[in-house]
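Residue numbers (my numbering): 6 to 254.
Even glycine gets a Cβ: it sits at the ideal position worked out from N, Cα and C.
A short worksheet on the structure shown next.
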Amino acid sequence: MKAHDWFIEHRLDYAVRTLGTEELRTFEAHLERCVECRAAVAEAEAELRWLPMGAAPVTPPPGLTRRLAAGVLERGVRRARWLWPAALAASLLLAAGLWTTGRIRIRQLNEEVGRVTAELAQRDARLAAALDTLGAIRTANRVLQARLQVEGREASLVIFEEKRSQRWTVVVHGLPPAPSGERYALWFICEEGMRQGTALPADAAGPAVLVVPIPTDLGAVLAASVTRESVAMTDGMPMKKAEIAHLAL
Ligand SMILES: [Zn+2]
Numbered sequence: 006m007k008a009h010d011w012f013i014e015h016r017l018d019y020a021v022r023t024l025g026t027e028e029l030r031t032f033e034a035h036l037e038r039c040v041e042c043r044a045a046v047a048e049a050e051a052e053l054r055w056l057p058m059g060a061a062p063v064t065p066p067p068g069l070t071r072r073l074a075a076g077v078l079e080r081g082v083r084r085a086r087w088l089w090p091a092a093l094a095a096s097l098l099l100a101a102g103l104w105t106t107g108r109i110r111i112r113q114l115n116e117e118v119g120r121v122t123a124e125l126a127q128r129d130a131r132l133a134a135a136l137d138t139l140g141a142i143r144t145a146n147r148v149l150q151a152r153l154q155v156e157g158r159e160a161s162l163v164i165f166e167e168k169r170s171q172r173w174t175v176v177v178h179g180l181p182p183a184p185s186g187e188r189y190a191l192w193f194i195c196e197e198g199m200r201q202g203t204a205l206p207a208d209a210a211g212p213a214v215l216v217v218p219i220p221t222d223l224g225a226v227l228a229a230s231v232t233r234e235s236v237a238m239t240d241g242m243p244m245k246k247a248e249i250a251h252l253a254l
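Right under this line is the structure:
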């Protein structure tokens, strides 16, 4: 066996840093002189670079690798022959593992994308509604505003009337909880009668915004009336009804 064969067979050992101190020194000294080994080691290192080498390398017992190398050299067994195929197989196994991990990751990412897309669609809808409300407020032909004292609490009501879309955008804030069996409501007082526009939310965390169509079959709207009334109705009218605010147009 030529002296150079030892270096050829230990290129991978060098690349994966398993040479003993003495062997390492010998190999490094040889590398400085041998272009062929430098190229082979560089290639091996490039092949191995992406492998998870984070785990601390196992340090062989002192002299073990030297004894092994000596034995190999004495017997002339070219043990490195199977090392490359073994390393390749390990690489392929690792690559397969990474591939599977990659596929799982991709599925997770797809799920994430689906979730975010659904959330964005919801936000789009809310934003569209908000912009619509804002549009109605900006293009309002008339704004009515009232401050109400209800059971010692101050509440407020703002009505934006938009003629083009025939609707009121109503912003209500600060109504105290209605007594049991009762609720707050907004009524349209028209030339030819009155009609309930919408129930008004009470005890809300912040201002509530409601969009109410303006009735077109009862003549001109003369006023808005805020009532506290019984939920129970007879002949389309609440059984009990008390006006707490009146906004004349
Ligand atoms: Zn060499």
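* **Closest Cα partner of Val148 within the set Leu136, Val155, Leu162 and Gln154** => Leu162
* **Sequence-distant residues of the same chain with beta carbon closer than 7 angstroms to Leu24, five excluded per side** => His15, Asp18, Phe32 and Thr70
* **Selection from Ala141, Leu139, Phe165 and Arg143 that minimises the alpha carbon distance to Ala151** => Phe165
* Asked: Going by the CB atoms, is the gap between Pro243 and Asp208 shorter than 7 angstroms?
  -> no
* To do: Go ahead and pull the three-state DSSP assignment for Pro62.
  => Summary for Pro62: the model assigns pLDDT 45, below 50, so the residue's position carries little reliability; its value from the coordinates is reported in the next sentence. Three-state DSSP puts Pro62 in coil, outside helix and strand.
* Asked: With a Cβ-Cβ cutoff of 7 angstroms, do Arg233 and Glu187 count as a contact?
  -> yes
* Note the first and the last residue of the continuous beta strand (DSSP E) segment covering His178. => Segment Arg172 to His178, the beta strand (DSSP E) holding His178.
* Ser185 versus Leu205: straight-line alpha-carbon distance, rounded -> 15 angstroms
* Is any heavy atom of ligand 1 found at a distance shorter than 6 angstroms from the C-beta of Glu41? -> yes
* **Separation of Ile111 from Val175, as counted between CA atoms** => 47 angstroms
* **Cβ-Cβ distance between Ile261 and Leu153 below 7 angstroms** => Nothing can be reported for residue 261: it is not among the residues displayed for the chain, which extend from 6 to 254.
* To do: Examine ligand 1 and report whether any of its heavy atoms sits within less than 6 angstroms of the Cβ of Phe12.
  => yes
* **Bridge partners - Phe165, DSSP secondary structure assignment** => Val148 and Thr174
* To do: Identify whether Thr26 lies in helix, strand or coil by the three-state DSSP scheme.
  => helix
* Along the chain, where does the alpha helix (DSSP H) that runs through His9 open and close? -> Ala8 to Glu14
* To do: Kindly indicate which three-state DSSP category Ala207 falls into: helix, strand or coil?
  => coil
* Where Trp173 and Glu116 are concerned, what is the direct C-alpha to C-alpha distance, given to the nearest angstrom? -> 41 angstroms
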